[in-house]
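Mapping of the sequence shown onto numbering that gives the first Met the number 0: position 137 corresponds to residue 136, and the numbering continues sequentially without gaps.
For every residue, glycine included, the Cβ atom is placed at its ideal position computed from N, Cα and C.
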Amino acid sequence: MKKIKIALISAVISAFSITGCMDPADVVFRANSDYFPLTLLSSWFYVTPSDSDTVSLQVTDYYEIGDDTVFVMDFRGETWELFKQNGNVLRHYRFSIYPAGDELVLEDGFRIFLQMPLVDGNSWEDTYADTVTFRGITYNYRHKLKGTVSLQGNLLTPYGEMENVYKVEISEEFRVNDRDSLDTLILFFAPDVGPVTIEEGTEVYKLVDYRRGE
């Protein structure tokens, strides 16, 4: 694993050295930083411009899958289940429909949520598709997840001015037969802190406090 990471860092440094647009030391610093520290009881607190109340992203629990630790997080009542594998951050997705009031699970598994290390201009896709027949009706399901990364540099938040910040835009397309929906989540990550700004729909959440857990 260390050899793979060293090779990737070297490739990134070489690319920026050719273009002459970035200090290699900055690239090494960012590649070695933890942009999403996942530890039990860690908490991020945010405010929105339209509301003085704070909302939180909190690691509330964990469980094991083989040798991996899955951290259970709560964000405004929504559950995120995340774990790190080969440097990437994977997220659990469960998608159900309810024909005639009965639950039909179309997806229940982990997908790549963040491809690490974060690199300016990088992008990734992870698509899951399945066909299920239930009570004589066939459902064609597809979940396409795409992430794009851009380096933002410095970003001012109520928590302070963050340096070496990356913007990650994650779009998700869900399609069941001829019906589809599109969701977009934008996160700004600072090294060794995690998400310092979250944009979801029309809401913008800016970090006011971060408390690292165990």
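Distance between residue j and residue i (C-alpha atoms, nearest Å)
i, j, result
"Ser51", "Leu150", "29 Å"
"Ser42", "Ile136", "44 Å"
"Val26", "Leu144", "26 Å"
"Lys83", "Val167", "17 Å"
"Val69", "Thr59", "11 Å"
"Leu105", "Gln57", "28 Å"
"Asp67", "Arg211", "20 Å"
"Asp129", "Gly146", "21 Å"
"Asp182", "Glu171", "5 Å"
"Val118", "Gly108", "26 Å"
"Phe44", "Tyr209", "6 Å"
"Lys1", "Leu37", "Any reading at Lys1 is ruled out, since the residue's pLDDT is 38, under 50, leaving its predicted position unreliable."
"Leu154", "Arg178", "38 Å"
"Glu80", "Asp101", "25 Å"
"Val164", "Asn121", "14 Å"
"Ile12", "Pro98", "Low local confidence applies: a pLDDT of 40 at Ile12 is under 50, so the model's placement there is unreliable, and no value is given."
"Ile96", "Arg134", "13 Å"
"Ala10", "Arg29", "With a pLDDT of 40 at Ala10, under the threshold of 50, the modelled position of that residue is not reliable, and the figure given next carries that caveat. Taking the straight line joining both Cα atoms gives about 14 Å."
"Ile197", "Gly86", "22 Å"
"Phe173", "Leu184", "14 Å"
Given residue i as reference, the closest of the options once Cα atoms are compared
i, options, result
"Tyr127", "Glu198, Leu117, His91", "His91"
"Thr201", "Pro36, Thr38, Asn31, Ser49", "Ser49"
"Asp191", "Ile185, Asp208, Tyr34", "Tyr34"
"Glu160", "Asp179, Ser180, Ala189, Ile169", "Ala189"
"Asn221", "Val164, Tyr138, Val195, Asp107", "There is simply no residue 221 to check, as the chain begins at 0 and stops at 213 in what is shown."
"Glu162", "Tyr45, Pro194, Phe94", "Pro194"
"Glu77", "Val164, Leu103, Glu199, Ser180", "Glu199"
"Glu63", "Phe187, Asp73, Leu39, Arg75", "Leu39"
Range covered by the beta strand (DSSP E) that runs through residue i
i, result
"Tyr92", "87-96"
"Glu213", "Neither: Glu213 is in no beta strand (DSSP E) and is coded neither H nor E."
"Pro194", "193-199"
"Asp125", "122-133"
"Arg178", "178-189"
"Thr59", "50-64"
"Ser42", "42-47"
"Gln84", "77-84"
"Tyr165", "159-175"
For residue j and residue i, believed in contact at Cβ under 8 Å, the rounded distance
i, j, result
"Thr156", "Leu206", "5 Å"
"Tyr204", "Val54", "6 Å"
"Asp125", "Arg141", "With a Cβ gap of about 12 Å, Asp125 and Arg141 do not count as contacting."
"Val88", "Phe112", "5 Å"
Residues bridged to residue i (per DSSP)
i, result
"Asn139", "Thr130"
"Asp119", "Partner(s): none; Asp119 has no beta bridge."
Chain D within 7 Å of residue i, Cβ atoms only
i, result
"Val104", "Among the protein chains of the structure shown there is no chain D, as only one such chain exists."
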